[in-house]
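K.L.:
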Amino acid sequence: MKKFSVALAGLALLASVSGAKEFINIGTGGMTGTYYPVGGAICRLVNMDKNMKCSVQSTGGSTYNVNNVLKKELNFGFVQSDVVYDKYNGTGKFQGAADKNLRSVISIYPELLAFVVSKESGIKAYGDAAGKKINIGNPGSGNELTSTIVFENYDFDLKKLAQHGVLTAQECPMALKDKKIDGYFYVVGHPTANITDAATSLPIDLVGIDDEHIKKILEKYPYFAKGVIPAKMYDGVDHDTQTIGVKAVLVTDASQSDEAVRAVVKAILDNFDEYKKLHPALNLVSKESLLEGLSAPLHPAAEAVYKEAGLLK
């Protein structure tokens, strides 16, 4: 076994010296969401480095990604900042299961909670969900975690729902159109093809959160922030929608190679203007915002790149 390990180490060194590509993958989310196309955009930039080969993987989202990054089955993963916080600190869903090997790489964009409903449902506020078929989110997803927190702060018992749905976000537009559900939750960068698809299939509305309840949520959960989904972003929604949000954060494991982390961060920083044009959700990001909402320590290689760029002291 010892000789075999030495041989493997020798092959790895030879591959490094010969300039062989390092293969990395990024766990994203459903194909109709925002994680997947933004992950693809990042990989296209990373692949400009002849020493790297980056690919994206469609996954179940935040919880799946954080767990599988730490299992080293994914090199990188998109994870909501609240889920990053809970996993690193062993709180919330990860009570007693903290993992201090989790590392932040870059903050991608703000993600805002959308409560998408059919206009036919008559749902105008959270209290109107009683007796309705609402998709809370697939088990363990950021959608489920965030929507449950909002309902709890409205003192709304989920048992009041006619149906507590557990579909993935990508299944929801069709389910809404087919009247299998009256509404669904999605924490995502906006605009997203998912809600656009729903809006072109039937009349929809977005349900907002009032000031009182946003204040309560922010006092209890400091990793959330207030946000607004602008009017007319989606067909039929002619009002601004006040809500809460988190940051989409690219994470990795502490043992991830410096070369891979450096390649990802530099690909974004060195091609920043092009990067911002790759998806509408990136329009409002700035280089400074790439360091906002990080609730786990930076990987040392990422930190070094930010210092080189003058973004960190």
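Mind the numbering: the sequence shown is residues -20 to -1, 1 to 293 in mature numbering (1 follows the signal peptide of the UniProt record, and there is no 0), read in order. Every residue, glycine too, gets a C-beta built ideally from N, C-alpha and C.
1. Which first and last residues belong to the beta strand (DSSP E) in which PRO90 is found?
2. Kindly confirm or deny that the region 30 to 48 and the region 233 to 246 touch, where touching means at least three C-beta pairs closer than 8 Å.
3. So, is THR221 buried or exposed, given that buried needs 16 or more other C-beta atoms within 10 angstroms?
4. Using the rule of at least 16 other Cβ atoms within 10 Å of the residue's Cβ for burial, across every protein chain shown, is GLY163 buried or exposed?
5. Checking 8 Å against the spacing of the C-beta atoms, do GLU268 and LEU291 come in under that value?
6. List in chain order: all unbroken alpha helix (DSSP H) runs of 4+ residues lying wholly within the region 15 to 69.
7. For VAL231, which residues does DSSP report across the bridge?
8. Does the region 128 to 135 come into contact with the region 144 to 155, if we say contact requires no fewer than three beta-carbon pairs (one atom in each stretch) closer than 8 Å?
9. I'd like to know whether the C-beta atoms of GLY9 and GLY41 end up nearer to each other than 8 Å.
10. Jot down the residue ranges of each uninterrupted alpha helix (DSSP H) in the region 111 to 170, minimum 4 residues, whole runs only, in chain order.
11. Going by alpha carbons, who is nearest to LEU138 out of SER127, MET28, LEU147?
12. Nearest by alpha-carbon distance to ILE197: which of VAL226, LYS67, LEU182, ASP215 is it?
13. Evaluate the contact criterion for the region 60 to 72 versus the region 92 to 108: three or more CB pairs, one atom per stretch, below 8 Å.
14. Whole angstroms are fine: how far does the CA of ARG24 sit from the CA of GLY117?
15. Taking DSSP's pairing of strands, which residues face GLU2 in a bridge?
16. Using only CA atoms, which one of TYR286, VAL231, GLU254 lies nearest to ASN55?
17. Does the region 166 to 173 come close enough to the region 81 to 99 that 3 or more CB-CB pairs lie under 8 Å?
18. If the criterion is Cβ atoms closer than 8 Å, does the pair VAL49 and GLY76 meet it?
P.N.:
Reading off the structure:
1. 82 to 98
2. With the cut-off at 8 Å, the region 30 to 48 and the region 233 to 246 touch.
3. buried
4. buried
5. Against a cut-off of 8 Å, the Cβ pair of LEU291 and GLU268 comes out as a contact.
6. 15 to 26, 42 to 50, 61 to 69
7. GLY57, SER84
8. no
9. Yes.
10. 122 to 133, 152 to 157, all fully within the region 111 to 170.
11. SER127
12. VAL226
13. no
14. 30 Å
15. Paired residues: MET32.
16. VAL231
17. yes
18. no
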